[in-house]
Amino acid sequence: MNYGQQENARVKEQIVKGLFTELKTKPFSEIRIASLIKTAGVGRTSYYRNFDSKEEIVDYYLSELVQVRRSSQSIPTWTRSSVADNLEDIFSFFLSQKERFLLLFKSGLSSYVFDYFRNIPKNNPQEGQQHLPNHNPYLLAFFTGALPSVLFEWLKRDSPESPKEMAVMLTKMLPPEIFVDEK
Numbered sequence: 001m002n003y004g005q006q007e008n009a010r011v012k013e014q015i016v017k018g019l020f021t022e023l024k025t026k027p028f029s030e031i032r033i034a035s036l037i038k039t040a041g042v043g044r045t046s047y048y049r050n051f052d053s054k055e056e057i058v059d060y061y062l063s064e065l066v067q068v069r070r071s072s073q074s075i076p077t078w079t080r081s082s083v084a085d086n087l088e089d090i091f092s093f094f095l096s097q098k099e100r101f102l103l104l105f106k107s108g109l110s111s112y113v114f115d116y117f118r119n120i121p122k123n124n125p126q127e128g129q130q131h132l133p134n135h136n137p138y139l140l141a142f143f144t145g146a147l148p149s150v151l152f153e154w155l156k157r158d159s160p161e162s163p164k165e166m167a168v169m170l171t172k173m174l175p176p177e178i179f180v181d182e183k
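Position 145 of the sequence shown, counting from 1, maps to 145 under full-length UniProt numbering, and the rest follow consecutively.
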């Protein structure tokens, strides 16, 4: 990454940080760009060079999460143990993003989070429906729809169970059809 790209990434991260700082005290709909850029410590030109709307900032933040997660994981094999391992990684990862994740839900932006989970397989076909043992089109929708709800509930309760305990619990809740080793 050259200097210009590094600087652009830094500015974007400042804007993301500024948005989440603003969300701590204001509803999303009441956050004005002038206030956001002041909180972020960036110029108006820098903001508009990178984003067209506040919603685009949320999309950017979530897409960056996808990239970070993807860089540290292998393609799921859909065995019970690999799903449990992947879920443990997911719970650990989102525990590190707890404050921001909860702010999104509390600010009425949960649809972005659900879209984030729903679009992961679409954006990376290696993780998608064709690798499930059962090509039931509702199975992946079930999995990607339930996961953010469970994550939110767990984080909202201040994460009383460990990521490993949550992974084991959630894996037990999944239908056997989702696993390649349980046909």
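Note that beta-carbon positions come from the ideal geometry of N, C-alpha and C, so glycine has one too.
Quick caveat: nothing in here was measured; it's all calculated off a predicted structure.
Assigned secondary structure, residue i (DSSP; H/G/I helix, E/B strand, else coil)
i    : result
R157 : coil
E182 : coil
G145 : helix
P137 : helix
G128 : Residue placement at G128 is flagged as unreliable, the pLDDT there being 46, under the threshold of 50; the coordinate-derived value follows with that caveat. Looking at G128 - three-state DSSP - the assignment turns out to be coil, as it is neither helix nor strand.
P27  : coil
L151 : helix
I120 : helix
S107 : coil
Residue span of the alpha helix (DSSP H) that contains residue i, given as start and end
i    : result
E13  : Y3 to L23
V168 : P163 to M173
N86  : R80 to S96
D59  : K54 to S71
N50  : R44 to N50
I33  : I33 to A40
Spatially closest choice to residue i from the options, by CA coordinates
i    : options                   : result
F51  : V68, G41 and I33          : I33
P160 : L95, F142, T144 and Q67   : L95
Q97  : T171, L170, L151 and N2   : L151
G145 : T171, V113, V168 and R157 : V113
P163 : I90, N136, E182 and P175  : I90
T171 : R49, Q6, R44 and S81      : S81
L139 : L174, F105 and S149       : L174
R10  : E22, D59, G41 and K24     : G41
F143 : W78, W154, F105 and T45   : W78
V83  : L147, K106 and E13        : L147
L103 : S71, K24, R157 and E165   : K24
L87  : E182, V168 and V180       : V168
E99  : N2, I178, E22 and M1      : E22
V58  : K12, N136 and K26         : K12
Beta-carbon gap between residue i and residue j smaller than 8 angstroms
i    : j    : result
F93  : R118 : no
K17  : I31  : no
G108 : F28  : yes
V66  : I120 : yes
Y116 : L155 : no
heavy atom of the ligand SAM below 7 angstroms from residue i C-beta
i   : result
T45 : Within the structure as shown, the ligand SAM is missing, as the structure has no ligands at all.
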